[in-house]
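These protein sequences, in sequence, are chains A and B. The numbering of the first sequence is our numbering, which starts it at 1 and goes up by one. The numbering of the second sequence is our numbering, which starts it at 517 and goes up by one. First comes the structure, then the notes that go with it.
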Amino acid sequence: MEWMDIPVVFKSGNYAYPAKKEKVEYLNSQSGLSFPNAREWSPEDDDWKLQDGWQDIIIRGLKERLDKFRSLKIFMDCCVRCGACADKCHFFLGTGDPKNMPVLRAELLRSVYRNEFTLAGKILGKMAGAREMTAAVLKEWFMYSYQCTECRRCSVFCPYGIDTAEVTMMLRELLHLVGVGINWILEPASNSNRTGNHMGLQPHTFKDNVEFLVDDVENLTGIRPNISFNRKGAEVLFITPSADVFAEPGLYTAMGYLILFEAIGLDYTWSTYASEGGNFGLFTNNETMKKLNAKMYAEAKRLGVKYIIGGECGHMWRVVHQYMDTMNGPADFLEVPKSPITGTVFSNAASSKMVHISEFTADLIKNGKLKLDKSRNSHVKATFHDSCNTSRAMGLLDEPRYILDHVVDWVEMPENTIREQTFCCGSGTGLNTDEIMELRMRSGLPRANAVKYVQEKHGVNMLSCVCAIDRATLTSLMNYWNPGVGVCGLSELVANALVQEGETRGELDEGLRTML
Amino acid sequence: MKYAFSFLAVIALVLIAWLGSQIPGMPYLFGVALPYLAIMIFLGGCVYKVVQWAKSPVPFPIQTTCGQGKSLDFIKHDRLEAPFTTAEVVARMFLEIVTFRSLFRNTKSEIHEGPHITYESSKWLWVFALIFHYSFLSIVVRHMRLFLDPVPAWIGWWEFIDGIFEVGAPTWYMSDVGLVAGCLLLFSRRLITRHVRYISLMNDYFPLVLIFAVAVTGILMRFVLRTDIDIVNIKQLTVGLVSLSPTIGAKIGSIFYIHVFLVCILLAYFPFSKLMHFAGVFLSPTRNLKNNSRAVRHLNPWNPKITPHSYAGYEDEFREFMVDAGIPVEKELSPAKDEK
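In structure tokens, the structure reads:
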């Protein structure tokens with residue numbers, strides 16, 4: 001049976017809920033954004049209530065994107081279907097569904113591309129792998145563009161560097177043109193636009209949340225971190241995913257930032273307006289990504305800071321590293337980041353003016369500016385999960401490892417599952433929603449399985465990472481596959497080990513997680 | 517039966533050339549007109565395709581980093597896998613194109629009971645691809661002898677090395693064996709590996725069968741069907757083609773026309789097929805960009821004008837809460853009416 005002849009079947013549990021009508025309407029009302037065809041609909045219904053002429057909208061949208069992105073054109077034309085990518089995808093390994101092979105995920109779009117834009121496809125049709133744009137094809141796109149976390153692992157192995165993330169992003173953009181999107185992405189995107197963060201925390205609530213953490217830190221260490229919000233004239237603006245100030249285990253990572261910045265006396269401010277590092281626009285379309293990201297520079301300019309430090313987040317850093325300066329720069333109102341403690345100039349961020357917390361921390365450690373007592377993490381046997389985006393989009397691999405070496409006893413997972421070959425948590429790009437839990441546990445299997453290996457062999461009990469989505473999703477993944485393994489951010493481990501002047505720390509058997 | 521159809525198509529092409537070239541006057545079509553047409557389609561098509569690709573901008577630096585990026589001085593930078601300079605990009609691309617570096621990385625994953633996943637190195641595709649492509653290259657280079665007069669010395673050296681094992685008479689070239697083996701290996705892989713069979717299209721089998729037929733007809737001409745093959749005549753024709761004054765001398769056997777016709781089909785098919793990966797690999801943004809996107813600004817020619825939800829709009833909505841919570845605001849609350 002040809003893959004083209006196998007229709008998708010939607011049933012409860014295998015799809016994420018469609019976006020709520022009012023969220024789509026809100027986004028559509030924002031200047032620069034277009035989210036048409038807001039309506040109530042269900043993937044299980046035969047009729048998706050698409051607008052008249054939706055096929056033309058899709059084909060025109062595809063044409064427009066082919067003209068805007070060389071990557072898309074090259075990736076449509078150059079695949080030789082060698083299959084090197086096939087068993088590299090966590091969704092394929094976890095579900096066994098052949099349409100989850102990256103090559104086939106791209107063929108879902110490529111088949112329509114051939115039909116409309118290539119001579120062979122027009123003449124030979126199905127024989128040349130071409131097919132018409134039909135409702136069945138659209139449904140297939142919806143199914144499989146939300147069974148891809150844009151992790152880019154396939155791109156590492158492809159002889160032409162074909163990046164399925166680019167294809168998935170285009171599929172999602174095209175689907176939004178006809179009003180097909182999921183709520184777990186569009187609601188956070190609209191929250192980020194309105195309140196500044198995807199959780200929808202209003203300014204006073206955001207402040208309260210951070211202050212709770214300040215209280216906790218004071219209770220645990222005897223030192224109360226000095227914090228400020230929206231403070232003009234601070235040297236540094238600090239932006240982290242809002243999940244870090246909202247829920248466990250991200251809370252401990254946020255406490256880690258607070259302790260670290262207090263220990264070195266950093267002159268920094270939080271912002272309630274730019275209170276989100278994560279960018280749900282990346283999972284939506286280019287315009288939304290740009291609009292949400294623009295707040296970072298806008299706020300840095302308004303507050304008159306010198307530069308920005310970014311917390312532990314995966315997609316946030318993909319956007320910061322690969323898109324921000326291009327979309328919303330030049331950031332000529334900022335200065336090239338220079339650590340006020342060590343004097344190190346971060347020339348690798350000379351244009352974007354934004355430094356990753358791990359780069360910043362590694363530099364502090366290298367220059368002996370932190371007093372660290374590794375034994376304070378003796379309750380932890382850690383391993384490290386490279387986030388897809390910080391590794392494959394940035395090349396941030398050794399900074400976290402350098403930090404780990406100084407703060408905790410840790411081991412690597414097997415070599416085919418780390419660094420640039422790292423496996424996704426399985427729930428990134430806005431797929432960490434509970435209605436598709438089984439799918440998430442399946443797609444996270446390769447990651448979980450590698451953790452299981454070090455858990456059994458080395459007694460690992462903590463999976464550390466530098467990504468907020470990871471902290472949220474790996475927790476469920478570990479609970480399911482590897483009970484007994486916790487999940488933490490790197491800054492939590494740093495703060496656990498950090499010896500501060502004047503502290504009245506008792507025995508914190510569990511580090512920041514010690515119950516008061 | 518996509519692969520069977522590919523065979524039938526190639527057999528049909530062979531018959532066309534075999535029978536067609538027997539008809540008086542037709543050798544001119546198969547020996548002169550079609551080669552010119554094919555070469556024009558090939559060159560024109562390739563240029564058209566590359567220009568088409570190049571017309572679309574690369575709006576964002578989306579390189580796939582496969583190693584440590586350049587950052588702090590004491591962190592060792594992987595210059596080949598996360599290139600920061602143009603020279604490093606060139607080195608990365610060179611290794612990719614010449615040694616198929618990404619394929620070298622290939623692993624095979626398997627799920628066992630447990631579940632338990634294993635990964636093992638799998639270099640078969642890399643080996644097959646190297647055999648196929650280098651044999652192809654070598655054969656193309658050796659054929660230059662036919663089009664150049666005088667023949668440059670280095671082509672002679674190349675031939676010498678290609679035939680260095682001196683097996684058989686006339687000597688078998690390694691590249692002849694390599695190309696046939698490469699086609700067979702890659703074709704078998706498509707049939708045998710379940711997931712590759714599933715994704716394969718007619719346009720994946722057809723070029724392999726066609727190239728296989730080109731190789732086999734070439735070998736037949738050199739070793740088996742040597743009667744009627746007058747190499748002097750052929751060279752006269754090929755040099756004539758290059759110098760735009762082609763002549764067909766004495767009778768040349770059909771096998772020559774079959775070989776040439778299949779090559780023509782391959783050339784004409786090339787620009788409109790996946791075979792264009794030979795040019796596309798140079799243009800792939802994930803490989804040919806620098807990983808310096810925070811250090812040097814990358815420009816997007818169509819960067820849309822989109823501004824964030826403004827701070828003023830945000831403060832207007834939440835001012836009261838912000839003032840209550842002691843968060844600095846730009847505009848104070850206007851005093852309530854009864855306080856005026």
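By construction, the Cβ of each residue, glycine as well, lies at the ideal position given by its N, Cα and C atoms.
Using 8 Å as the threshold, is the region 265-279 of chain A in touch with the region 306-321 of chain A, meaning 3 or more CB pairs across them?
-> yes
DSSP-derived helix/strand/coil call for glutamate 507 (chain A) = coil
Please determine if the region 384-392 of chain A and the region 147-167 of chain A are in contact, where contact requires at least 3 C-beta pairs separated by less than 8 Å.
-> yes
Between which two residues does the alpha helix (DSSP H) containing isoleucine 123 (chain A) stretch?
-> 119-124
Extent of the continuous beta strand (DSSP E) run through threonine 615 (chain B) = Unbroken run through threonine 615 (chain B) is the alpha helix (DSSP H), 602-615; no beta strand (DSSP E).
For the region 591-619 of chain B, enumerate the residues whose C-beta is nearer than 9 Å to any C-beta of chain A, in chain order.
-> Ile591, Lys592, His593, Asp594, Glu597, Ala598, Phe600, Glu612, Phe616, Arg617, Ser618 and Leu619
Compute the minimum distance between the beta carbon of leucine 619 (chain B) and the heavy atoms of the ligand SAM, and state whether it is under 6 Å.
-> By its list of ligands, the structure shown contains no ligand whatsoever, and the ligand SAM lies outside what it can speak to.
C-beta atoms of glycine 314 (chain A) and isoleucine 469 (chain A) nearer than 7 Å = yes
With 16 as the cutoff for other CB atoms within 10 Å, does lysine 11 (chain A) come out buried or exposed?
-> exposed
Cutoff 8 Å; reference arginine 178 (chain A); Cβ partners in own chain excluding five residues on either side | Note that residue 178 (chain A) corresponds to valine in the displayed sequence, not to arginine. Cβ neighbours of valine 178 (chain A) beyond the five flanking positions: Pro36, Asn37, Leu50, Gln51, Trp54, Ile57, Ile58 and Leu138.
Check leucine 372 (chain A) in the structure and name its three-state DSSP category.
-> Correct three-state label for leucine 372 (chain A): strand.
Would you kindly work out how many angstroms separate the C-alpha atoms of glycine 583 (chain B) and isoleucine 591 (chain B), rounded to a whole number?
-> 12 Å
What number of angstroms, rounded off, separates the C-alpha of cysteine 699 (chain B) from the C-alpha of lysine 624 (chain B)?
-> 22 Å
Would you give the residue range spanned by the beta strand (DSSP E) that aspartate 409 (chain A) belongs to?
-> 409-411
Span of the beta strand (DSSP E) holding tryptophan 270 (chain A)?
-> It spans 268-270 - the beta strand (DSSP E) in which tryptophan 270 (chain A) sits, taken as one unbroken run.
With 7 Å set as the bound, which would you pick, yes or no: does the beta-carbon of glutamine 202 (chain A) sit closer than that to a beta-carbon of chain B?
-> yes
Leaving out five residues before and five after isoleucine 185 (chain A) in sequence, what residues of the same chain have Cβ atoms less than 7 Å from its Cβ?
-> Phe280, Phe283, Thr284 and Gly430
With lysine 624 (chain B) as the anchor, note down where its beta strand (DSSP E) starts and where it stops.
-> Element bounds for lysine 624 (chain B): 623-628.
Buried versus exposed, by CB contacts within 10 Å (16 or more), leucine 512 (chain A) | buried
Straight-line Cα distance separating asparagine 461 (chain A) from lysine 126 (chain A) = 52 Å
Start and end of the beta strand (DSSP E) containing cysteine 154 (chain A)?
-> It is not in any beta strand (DSSP E) - cysteine 154 (chain A) instead sits in the alpha helix (DSSP H) that spans 153-157.
Could you pull the start and end residues of the alpha helix (DSSP H) that serine 464 (chain A) belongs to?
-> Careful: serine 464 (chain A) lies outside any alpha helix (DSSP H), inside the beta strand (DSSP E) at 462-465.
How big is the Cα-Cα spacing for glutamate 831 (chain B) and glycine 428 (chain A)?
-> 31 Å
Verify whether the separation of the beta carbon atoms of serine 242 (chain A) and asparagine 193 (chain A) is less than 7 Å.
-> no
Below 8 Å, can you find three or more Cβ-Cβ pairs linking the region 21-28 of chain A to the region 437-454 of chain A?
-> no
Buried/exposed call for glutamate 132 (chain A), threshold 16 Cβ in 10 Å = Around the beta-carbon of glutamate 132 (chain A), fewer than 16 other beta-carbon atoms lie within 10 Å, marking it exposed.
What's the gap between the Cα of lysine 856 (chain B) and the Cα of valine 839 (chain B)?
-> In this prediction, lysine 856 (chain B) scores a pLDDT of 48, lower than 50, which makes its location untrustworthy; the coordinate-derived value is nonetheless stated afterwards. Between lysine 856 (chain B) and valine 839 (chain B), the C-alpha separation is close to 19 Å.
Threonine 601 (chain B) vs threonine 802 (chain B) beta-carbon contact at 7 Å | no
Do we get a CB-CB distance below 7 Å when we pair leucine 62 (chain A) with the residues of chain B?
-> no
Is the region 697-714 of chain B touching the region 491-506 of chain A in the sense that three or more CB pairs, one from each, lie closer than 8 Å?
-> no
What did DSSP end up calling glutamate 682 (chain B) once you bin it into helix, strand or coil?
-> The three-state reading of DSSP puts glutamate 682 (chain B) in coil, since its state is none of H, G, I, E or B.
Verify whether the separation of the beta carbon atoms of isoleucine 557 (chain B) and alanine 784 (chain B) is less than 7 Å.
-> yes
If the cut is a Cβ gap below 9 Å, which residues of chain A does threonine 687 (chain B) touch?
-> The premise fails here: threonine 687 (chain B) is roughly 32 Å from chain A at the closest Cβ pair, so nothing lies under 9 Å.
Please classify phenylalanine 212 (chain A): is it buried, with 16 or more other beta-carbons within 10 angstroms of its beta-carbon, or exposed?
-> By the 16-neighbour rule on beta-carbons within 10 angstroms, phenylalanine 212 (chain A) is exposed.
Residue-level contact to chain A via CB, histidine 628 (chain B), 7 Å cutoff = no
Return helix, strand or coil for threonine 429 (chain A), following the three-state DSSP convention.
-> coil
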